[in-house]
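A quick write-up on the structure given underneath.
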Amino acid sequence: MSIDIQKFTADELTIERLDTLARNHEAFQVVAVSNVGAVVEKIEGRLEKQGLKCRVYTEYRSGSLVATCFGPTAPVGWAVAIGIGVHNLATFNPDYEIGKNKLAGTITVKYMKK
677 MSIDIQKFTA
687 DELTIERLDT
697 LARNHEAFQV
707 VAVSNVGAVV
717 EKIEGRLEKQ
727 GLKCRVYTEY
737 RSGSLVATCF
747 GPTAPVGWAV
757 AIGIGVHNLA
767 TFNPDYEIGK
777 NKLAGTITVK
787 YMKK
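Note that this note's numbering numbers the sequence shown so that position 7 is 683, with each residue one more than the last.
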């Protein structure tokens, strides 16, 4: 089952469009992003300005984390896993999740309270 998600470039994602997407609780994806950090800050700032809580995370981090939790890198892997757990508690029950994927150059924004 595939869900269609609106896709925008960073240039198309104006303040007005962000406000409308947030007001309507819509999910969307920003594609072809060259500066992921700056675009995430813009999105997070607009969502928080509307009183919405956000959790920002790196997509697919749990898959790579599993590999580091065993073998010679295990202490580092476990430290990272604990950090992720603390982050999830600190951002408990967010309105939106913002997933960064620097390799693909995408940012996926999902409304979580349906």
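Beta carbons: idealized from backbone N, C-alpha and C, even for Gly.
Item	Value
On the criterion of 16 or more Cβ atoms from any shown chain inside 10 Å, does Ile-618 qualify as buried, or is it exposed?	Nothing can be reported for residue 618, as the shown portion of the chain is limited to 677 through 790.
From the DSSP output, in three-state form, read off Asp-695 for me.	helix
Would DSSP call Glu-688 helix, strand or coil?	coil
Do you know how far the Cα of Lys-683 is from the Cα of Gly-781?	13 Å
Is it buried or exposed, Arg-731, if we count other Cβ atoms within 10 angstroms and call 16 or more buried?	buried
Give every residue of the same chain whose Cβ lies closer than 6 Å to the Cβ of Ala-766, excluding the five residues on either side of it in the sequence, and list them in chain order.	Its pLDDT being 47, under 50, Ala-766 is placed unreliably in this model, and the value from its coordinates should be taken loosely. The answer is none, since no qualifying residue turns up.
DSSP on His-719, reduced to helix/strand/coil?	The residue asked about is misnamed: residue 719 is Ile in this sequence, not His. Three-state DSSP puts Ile-719 in a helix.
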